[in-house]
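>
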Amino acid sequence: TPTCEPETPLCCRRDHYVDFQELGWRDWILQPEGYQLNYCSGQCPPHLAGSPGIAASFHSAVFSLLKANNPWPASTSCCVPTARRPLSLLYLDHNGNVVKTDVPDMVVEACGCS
Amino acid sequence: AQGTGSVCSSCGGSKLAPQAERALVLELAKQQILEGLHLTSRPRITHPPPQAALTRALRRLQPGSVAPGNGEEVISFATVTDSTSAYSSLLTFHLSTPRSHHLYHARLWLHVLPTLPGTLCLRIFRWGPRRRHQGSRTLLTEHHITNLGWHALTLPSSGLRGEKSGVLKLQLDCRPLEGNNSTVTGQPRQLLDTAGHQQPFLELKIRTNEPGAGRARRR
Numbered sequence: 001t002p003t004c005e006p007e008t009p010l011c012c013r014r015d016h017y018v019d020f021q022e023l024g025w026r027d028w029i030l031q032p033e034g035y036q037l038n039y040c041s042g043q044c045p046p047h048l049a050g051s052p053g054i055a056a057s058f059h060s061a062v063f064s065l066l067k068a069n070n071p072w073p074a075s076t077s078c079c080v081p082t083a084r085r086p087l088s089l090l091y092l093d094h095n096g097n098v099v100k101t102d103v104p105d106m107v108v109e110a111c112g113c114s
Numbered sequence: 115a116q117g118t119g120s121v122c123s124s125c126g127g128s129k130l131a132p133q134a135e136r137a138l139v140l141e142l143a144k145q146q147i148l149e150g151l152h153l154t155s156r157p158r159i160t161h162p163p164p165q166a167a168l169t170r171a172l173r174r175l176q177p178g179s180v181a182p183g184n185g186e187e188v189i190s191f192a193t194v195t196d197s198t199s200a201y202s203s204l205l206t207f208h209l210s211t212p213r214s215h216h217l218y219h220a221r222l223w224l225h226v227l228p229t230l231p232g233t234l235c236l237r238i239f240r241w242g243p244r245r246r247h248q249g250s251r252t253l254l255t256e257h258h259i260t261n262l263g264w265h266a267l268t269l270p271s272s273g274l275r276g277e278k279s280g281v282l283k284l285q286l287d288c289r290p291l292e293g294n295n296s297t298v299t300g301q302p303r304q305l306l307d308t309a310g311h312q313q314p315f316l317e318l319k320i321r322t323n324e325p326g327a328g329r330a331r332r333r
């Protein structure tokens with residue numbers, strides 16, 4: 001997935017690193033020190049609809065050409081996460097217990113057009 | 115942001131200024147984390163564990179990722195109180211109210227001091243709610259301890275479940291093993307080091323959904 005540059009108009013992944021110190025939460029989140037809050041943004045023109053991001057294979061390149069040269073149903077396609085990974089957190093709960101847990105689907109790794 | 119290219123490439127609206135976008139991202143991060151941990155607000159830590167105890171306890175946790183999907187590992191530090199009997203101590207743990215938690219692994223970590231008089235017989239009871247002015251207690255496990263230092267004593271997780279109040283009390287009963295004629299030099303409390311970073315703690319592994327619950331739904 002392309003990472004968004006300021007002038008990238010097409011569907012891409014916008015990366016933001018959030019430091020828990022900046023949230024004022026370092027007193028209860030012990031590990032890690034921060035995490036990648038990425039999100040997907042950008043346009044999905046018809047010929048990119050249904051693609052997993054970059055044309056991952058010859059098949060999807062041909063498929064894109066077919067879509068670009070034939071009127072595609074007028075449904076809009078959106079730029080959405082296509083791959084996400086969990087975030088492992090170590091934190092103190094309100095009783096002062098240490099809790100270690102995996103929060104599923106926390107970090108967006110790839111974006112694509114629905 | 116004004117000027118060319120100041121249109122959002124997703125929705126066509128006007129683009130946010132960098133500071134405004136950053137503030138929005140931080141707010142999103144807070145919501146995302148609280149949602150991921152099933153919390154409505156960030157915990158207010160009134161009694162954080164001592165840093166030294168925390169460091170030692172974390173060293174005992176298995177390194178690497180957590181329990182299998184939807185799992186949690188919890189370390190809960192004990193509050194130690196003396197009880198009437200000469201040989202016993204009461205450990206109180208404050209566990210978070212389970213959200214249909216399924217506890218499947220429990221170990222009690224204790225640090226035994228050099229005052230150990232030969233082999234000790236350590237029995238661990240679960241201290242139940244008061245009935246007819248008597249605290250009821252259920253034997254969970256018995257261990258014979260011959261050396262000093264840290265001991266990880268496995269507890270039957272079935273014996274610890276069902277504590278709705280979230281407060282778990284364990285009674286430790288340390289006595290010299292029968293036939294061991296050396297007398298216990300100090301109170302069990304002196305046998306157990308509960309000061310500073312040698313505080314006893316519970317290491318729990320919890321699955322956040324009851325095993326087989328899906329099967330029940332399918333039926």
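Quick note, the sequences are listed as chains A and B, same order.
Everything in the first sequence is counted per our numbering, starting at 1 for the first residue and increasing by one.
Everything in the second sequence is counted per our numbering, starting at 115 for the first residue and increasing by one.
Note that beta-carbon positions come from the ideal geometry of N, C-alpha and C, so glycine has one too.
Values in this document were obtained by computation on a predicted structure and should not be read as measured data.
1) Does DSSP put Leu316 of chain B in a helix, a strand or coil?
2) If I follow the unbroken alpha helix (DSSP H) through Lys144 of chain B, where does it start and stop?
3) Where do the ends of the beta strand (DSSP E) carrying Arg156 of chain B lie?
4) Can you find the residues in the same chain that come closer than 6 Å, C-beta to C-beta, to Glu256 of chain B, ignoring five residues on each side of it along the sequence?
5) Does DSSP put Ser114 of chain A in a helix, in a strand, or in coil?
6) For Ala266 of chain B, which residues in the same chain have their Cβ closer than 6 Å to its Cβ, ignoring the five residues on either side in sequence?
7) Would you check if there are 3 or more beta carbon pairs closer than 8 Å linking the segment 161-169 of chain B to the segment 279-290 of chain B?
8) Using a Cβ-Cβ distance under 8 Å, would Gln133 of chain B count as near chain A?
9) For the segment 125-133 of chain B and the segment 91-108 of chain A, state whether three or more C-beta atom pairs, one from each stretch, are separated by less than 8 Å.
10) So with CB distances below 7 Å, who are the chain B contacts of Asp93 of chain A?
11) Decide if Thr252 of chain B is buried, meaning its Cβ has at least 16 other Cβ atoms within 10 Å, or exposed.
12) Take Asp102 of chain A and list the residues in its own chain whose beta-carbon comes closer than 6 Å to its own, dropping the five residues that flank it on each side.
13) Arg289 of chain B by DSSP, collapsed to three states: which one?
14) Does Glu334 of chain B come out as helix, strand or coil in the three-state DSSP assignment?
15) Looking only at its own chain, which residues have a Cβ that is under 6 Å from the Cβ of Arg31 of chain A, when we skip the five neighbours before and after it?
16) Quick check on DSSP: helix, strand or coil for Ala192 of chain B?
17) Just reading off the beta strand (DSSP E) that Gln31 of chain A is part of, what are its end residues?
18) State yes or no: is the C-beta of Leu254 of chain B within less than 8 Å of the C-beta of Pro228 of chain B?
Concretely, from the data shown:
1) Note: Leu316 of chain B maps to strand in three-state DSSP.
2) Unbroken alpha helix (DSSP H) run through Lys144 of chain B: 132-150.
3) Looking at the DSSP string, Arg156 of chain B is not in any beta strand (DSSP E), and its letter there is neither H nor E.
4) The residues are Arg237.
5) The answer is coil: DSSP assigns Ser114 of chain A none of H, G, I, E or B.
6) Taking Ala266 of chain B as the centre and dropping the five residues before and after it, the same chain places the C-beta of Arg221, Trp223 closer than 6 Å to its C-beta, in chain order.
7) Cβ pair count under 8 Å is below three, so no.
8) No, Gln133 of chain B does not count as interfacial toward chain A.
9) With a cut-off of 8 Å, the segment 91-108 of chain A and the segment 125-133 of chain B do not count as touching, because too few Cβ pairs lie within range.
10) When 7 Å is used as the limit between beta carbons, Asp93 of chain A is near these residues of chain B: Pro157, Ser210, in chain order.
11) Thr252 of chain B comes out exposed.
12) The residues are Pro86, Ser88.
13) In this structure, Arg289 of chain B counts as strand in the three-state DSSP scheme.
14) Beyond the ends of chain B as shown, which are 115 and 333, falls residue 334 of chain B; an answer cannot be given.
15) Residue identity differs from the one stated: residue 31 of chain A is Gln in this sequence, not Arg. Closer than 6 Å at the Cβ level, and outside the excluded window around Gln31 of chain A, lie Leu90.
16) DSSP places Ala192 of chain B in coil when its eight states are reduced to three.
17) Residue range 29-31 is occupied by the beta strand (DSSP E) that includes Gln31 of chain A.
18) Not a contact, by the Cβ cut-off of 8 Å.
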